[in-house]
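What follows is a set of notes on a single structure, which appears directly below.
There are 2 protein chains.
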Amino acid sequence: MPKHYLGIDLGGTNIKAGIVDDAGRVLSRGSAPTPGKDGFEAVCSAIARLGGEVAQRAGLTLGHGSIAAAGVGTPGLIDFDHGAVLNAPNLPGWTDVPLAKRMSDLLGLPTVIENDANAAAFGEYWAGAGRGDGHNASPPDPLVMLTLGTGVGGGIVIGGRVLHGGFGLAAEVGHLILHPGNDGLPCGCGQRGCLELYASANAAARRAKEAVQTGRPTSLRSCTEPTAKDLFDHAQAGDVLAVEVAQGVCNDLAWTCITLARVLDPKMIVFAGGMALAGDWMFDRIRRSFRERTWRIASADTLAIVPARLGNDAGIIGAAGVAWEVSQRGVLP
Amino acid sequence: MPKHYLGIDLGGTNIKAGIVDDAGRVLSRGSAPTPGKDGFEAVCSAIARLGGEVAQRAGLTLGHGSIAAAGVGTPGLIDFDHGAVLNAPNLPGWTDVPLAKRMSDLLGLPTVIENDANAAAFGEYWAGAGRGDGHNASPPDPLVMLTLGTGVGGGIVIGGRVLHGGFGLAAEVGHLILHPGNDGLPCGCGQRGCLELYASANAAARRAKEAVQTGRPTSLRSCTEPTAKDLFDHAQAGDVLAVEVAQGVCNDLAWTCITLARVLDPKMIVFAGGMALAGDWMFDRIRRSFRERTWRIASADTLAIVPARLGNDAGIIGAAGVAWEVSQRGVLP
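Residue numbers (numbering that gives the first Met the number 0), protein chains in the order written: chain A, 0 to 332; chain B, 0 to 332.
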């Protein structure tokens, strides 16, 4: 059995790909624009072309037994039983498209598909935050990853596998409801009060802007349009209003950690995405708020709340990792 | 391999036991008082005695190859790696006691232990609400069960197995935080605003009492101390205040269903316990509140929100079921 996997991270704008070994190391990588407006078949061809390039770059050839399998992390809602993408808002015309089958044909490799946020979570579990600084015989399980960006993405690994749920919709933590009443902000998903309206990078920026508009004194006033980064920068510099707003965001994330702890009892919660770059200042506050508010039945210190480690590689490592995991179970398509 | 399992449901007051076949049918049952104050060894002996009785009643003998394994559902915090109960508030002196090993010696059977709420959830998955009206080749997975009693107990089945979590503390849904602020009621667990302070049977009774104390007109005034049953009875009879309070409880349970749906994406949520006897009136309102508030990305009708079916047998069937499940995986101790 060859020990190399092709990992593909499909986004609405770019495709990233890489060859990854069975220890989660990236041997080659590449990227290409996503020809989304040209439709499903064009995107599949672009993926296959890029896959061939990164294979060659690693000294391997597709479909000649030197690569065990391919994994594709894709946006959208997935039918895991049929390897199909049911819909993907950023990919026009993707309605129940047989992505796994098509890529398997084009690549000449067994191919599994996975939701992009789930794949990234598996990457961190397998080769990132979950692996820690060295070889880890027993990675933290369950593990939850939250990606704080435009929205809040989520992925869960339990029992060494990605949790799909009953309808392929597990780990949609961005749509946990924090404020269920009529005062909860309306979300595009149809709910009110979703987490991502309060604790994504976009939400942090909005909360900063609203705070400036109250007229209270703040150094944030110097920013034309404060970003999440501005908010955390000014908070770290000691601006009282910025600290207050940033602490509010951290409290909401800590509350989310408590929710996840009561349901899943994870060993590790990983935060990724631009906002996680706020670093120790943010993590210290999330951890403190978690410890102050979680129960005293068991130690609050057993749950690790940590930053992601794989950065932009999480998608390709995770997609390759999912292919590796499925092949380990002997159930490759 | 014999097809019979001994299921034991250990409570602070009573021990229940039964012989259960590999389809989840109870062949014999019995119960005995829990000699809790006499300590761990006395309780183990009482369990073994009762186990012998129910075996005999089913025409079987312990330790002679006619019973495959025993499962014990126990209150308290469990160390699953060592089959030990770390502590159990209602069982004096139970501090890190080797329950699985001791029962295995006394019964002459491989013995697994499980948290009582988890065992009951597995019972409903295997042979109760999850089985439905007939033979079910593919039970609803994930399944979550909430038991609405003095508190709110919880159990989760994923991938055909009970979810333990990283530290044996998964599915503590009674301690999901509904109200994280300082206005959240203080809970014995150290948190504020826990679900069980708003939506257990005890909480429903308290909410009814508080509503009566506002002085608003209500038929509940005729009850000296309204119970959860009184609340739902008066609501069904049309009392405006009772409807309002009962609806509030149902809304909190629906919110909890949304939380569980976003994290786990279960196919079924089962409500058990005294309050679930409020029946269709309560279930209709929980389902409606869920549908009104959950996202529109996927159909709200895919998640079944249903009453438990096994009643008092859930504990013994579930404990036997866990033993069956572990033996199916070939990892009996």
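Ideal placement from N, C-alpha and C gives every residue a C-beta, glycine not left out.
All of these numbers come straight from a predicted model, not from anything done at the bench.
Where residue 325/A is concerned, the enclosing alpha helix (DSSP H) starts and stops at 313-327. Sequence-distant partners of residue 273/A (beyond 5 residues in either direction) whose C-beta falls short of 8 Å from its own C-beta, in its chain, are 147, 148, 200, 227, 228. At a cut-off of 8 Å between beta-carbon atoms, residue 179/A makes contact with chain B.
Listed by position along chain B, the residues whose Cβ is nearer than 8 Å to that of residue 93/A form an empty set, because the closest Cβ is around 15 Å away. For the region 135-146 of chain B, the beta-carbon criterion of a distance under 8 Å to any beta-carbon of chain A is satisfied by 139, 140, 141. For the 8 Å CB-CB criterion, residue 168/A and residue 194/A do not form a contact.
Membership of residue 208/B in the alpha helix (DSSP H) is indicated by the continuous run 200-212. In the DSSP assignment, residue 262/A falls within the unbroken alpha helix (DSSP H) covering 239-263.
When the Cα atoms are used, residue 119/A and residue 145/A turn out to be separated by approximately 10 Å. In the DSSP assignment, residue 71/B falls within the beta strand (DSSP E) that extends over 68-73. For residue 94/A, the three-state secondary structure derived from DSSP is strand. Look at residue 2/B here: in three-state DSSP terms it is coil, with no helix or strand label. Counting along the chain, the unbroken alpha helix (DSSP H) around residue 44/B starts and ends at 39-56. DSSP lists 18/A as the beta-bridge partner residues of residue 27/A. Under the DSSP assignment, residue 78/A falls outside any alpha helix (DSSP H), being part of the beta strand (DSSP E) whose first and last residues are 76-78.
Judged by DSSP in its simplified three-state form, residue 157/A adopts strand.
According to the DSSP assignment, residue 271/B belongs to the beta strand (DSSP E) that extends over 267-271. Residue 190/A is classed as buried because its beta carbon has at least 16 other beta carbons within 10 Å across all chains shown.
Within chain B, 261, 262, 263, 264 have C-beta atoms less than 9 Å from the C-beta of residue 170/A, given in sequence order. From the beta-carbon of residue 59/B, no residue of chain A is found nearer than 8 Å; the closest lies around 34 Å away. A contact between stretches requires three or more CB pairs, one per stretch, nearer than 8 Å, and the region 306-322 of chain B meets this requirement with the region 2-18 of chain B. Counting along the chain, no beta strand (DSSP E) covers residue 116/B; the unbroken alpha helix (DSSP H) around it starts and ends at 115-126.
Close to residue 190/B, with beta-carbon spacing below 8 Å, are these residues of chain A in chain order: 257, 292, 293, 294. CA-to-CA, the gap between residue 68/B and residue 102/B works out to about 11 Å. Excluding residues up to 5 positions away in sequence, 281, 284, 285, 288 lie with their Cβ nearer than 7 Å to the Cβ of residue 249/A in the same chain. Secondary-structure assignment with DSSP links residue 185/A through a beta bridge to 191/A. Using a Cβ distance threshold of 8 Å, residue 28/B and residue 45/B do not count as a contacting pair. For residue 285/B, the enclosing alpha helix (DSSP H) covers residues 279-292. Within the region 32-52 of chain B, no residue places its CB atom closer than 9 Å to a CB of chain A.
The C-alpha of residue 306/A lies about 27 Å from the C-alpha of residue 177/B. Interface flag for residue 175/A against chain B is set, since a Cβ pair is found closer than 8 Å. By the beta-carbon neighbour count (other beta carbons within 10 angstroms, threshold 16), residue 223/A is exposed.
Taking 8 Å as the threshold, the shortest C-beta distance from residue 157/A to chain B falls below it.
Three or more beta-carbon pairs separated by less than 8 Å link the region 51-70 of chain B to the region 318-328 of chain B, which places the two stretches in contact. Within chain B, the residues placing a beta-carbon under 8 Å from that of residue 297/A are 76, 166, 168, ordered along the chain.
A Cβ of chain B is located within less than 8 Å of the beta carbon of residue 254/A.
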